[in-house]
Amino acid sequence: QSALTQPPSASGSPGQSVTISCTGTGSDVGGYNYVSWYQQHPGKAPKFMIYDVSKRPSGVPDRFSGSKSGNTASLTVSGLQAEDEADYYCTSYAGSNNLVFGGGTKLTVL
Amino acid sequence: QVQLVQSGAEVKKPEASVKVSCKASGYTFNYISYYMHWVRQAPGQGLEWMGIIHPSSGSTTYARKFQGRVTLTRDTSTSTVYMELSSLTSEDTAVYYCARGGTTMISDYWGQGTLVTVSS
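Chains as they are written, first to last, in our numbering: chain A, 1 to 110; chain B, 111 to 230.
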């Protein structure tokens, strides 16, 4: 159960798009279509942004989208806004009721 | 509305144990599709999944890292789940969260977090 690999940081200017990757193995990301993404602002609990690779819970703007290819999942934030500046975490189902998180990516809006 | 309310901050000495509670309200606690996850976050660090309990059946799964040291239990009469972590070290200093979900994901209902500080 090794943590999924995310880049430590990402950045973009307002209005631009940014993509955050999340790399695992065939035992987690590659083996199941159960990747979720969470947004966390400082001092707050995480917020559910994407589930089942690409589905958005109600209330999440369609600027947020998810995808997966092989062992790597991605979160794309389009039309960057100042309030998108936060930490983003991926998680994947890893079989036998186990989940594994990524190390997190700090998104900076320039 | 769904709420998960956790117990307050704790300060523990090394080698002690801590038990954190998470009281659920606003939904059917032991509905078959709902599970409760526990996630922790050390200061300045990322999220770490610890384990999952099925309130309906009481079945549990623990992350390999915590097996033998963590115990998840539930009390259906009070809609409360508990996380007990033993043999504490300074590396267990973290905010501990409970969060509702299914087996394949954690959804949008999280507790407020409980800070556990381990210090001699």
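All C-beta atoms in this analysis are idealised placements derived from N, C-alpha and C, irrespective of residue type, glycine included.
A:F48: first and last residue of the uninterrupted beta strand (DSSP E) it sits in: Start and end: K47 to I50.
Using the Cβ count rule (16 or more neighbours within 10 Å means buried), how would you classify B:I162? Within 10 angstroms of the beta-carbon of B:I162 lie 16 or more other beta-carbons, which makes it buried.
Under 7 Å from the C-beta of B:S217: neighbouring residues of chain A: In chain order: F48.
Using a Cβ-Cβ cut-off of less than 8 Å, give me the residues of the stretch 22–47 of chain A that come near chain B, in sequence order. Along the stretch 22–47 of chain A, the positions whose C-beta sits under 8 Å from a C-beta of chain B are Y32, Y34, S36, Y38, Q40, A45, P46 and K47, read in chain order.
When A:W37, A:G103, A:V109 and A:K55 are compared against B:G156, the one with the closest alpha-carbon: The residue with the shortest Cα to Cα distance from B:G156 is A:G103.
Option nearest A:S78 by Cα separation, candidates A:A3, A:C90, A:Q6 and A:T19: A:S78 has its Cα closest to that of A:T19, out of A:A3, A:C90, A:Q6 and A:T19.
Helix, strand or coil for A:E83, going by three-state DSSP, please let me know. DSSP, reduced to helix, strand and coil, places A:E83 within a helical segment of the structure shown.
Counting only C-beta atoms, is A:F101 closer than 8 Å to chain B at any point? Output row for A:F101: interface = yes.
Can you tell me whether B:K129 is buried or exposed, with buried defined as 16 or more other CB within 10 angstroms of its CB? With fewer than 16 Cβ atoms within 10 Å of its Cβ, B:K129 is classed as exposed.
Contacts of B:G223 in chain A (Cβ-Cβ under 8 Å): The answer, in chain order, is A45.
Whose C-beta lies closer than 6 Å to the C-beta of B:Y137 among residues of the same chain, with five residues either side of it excluded? Within the same chain, B:Y137 has close Cβ partners V112.
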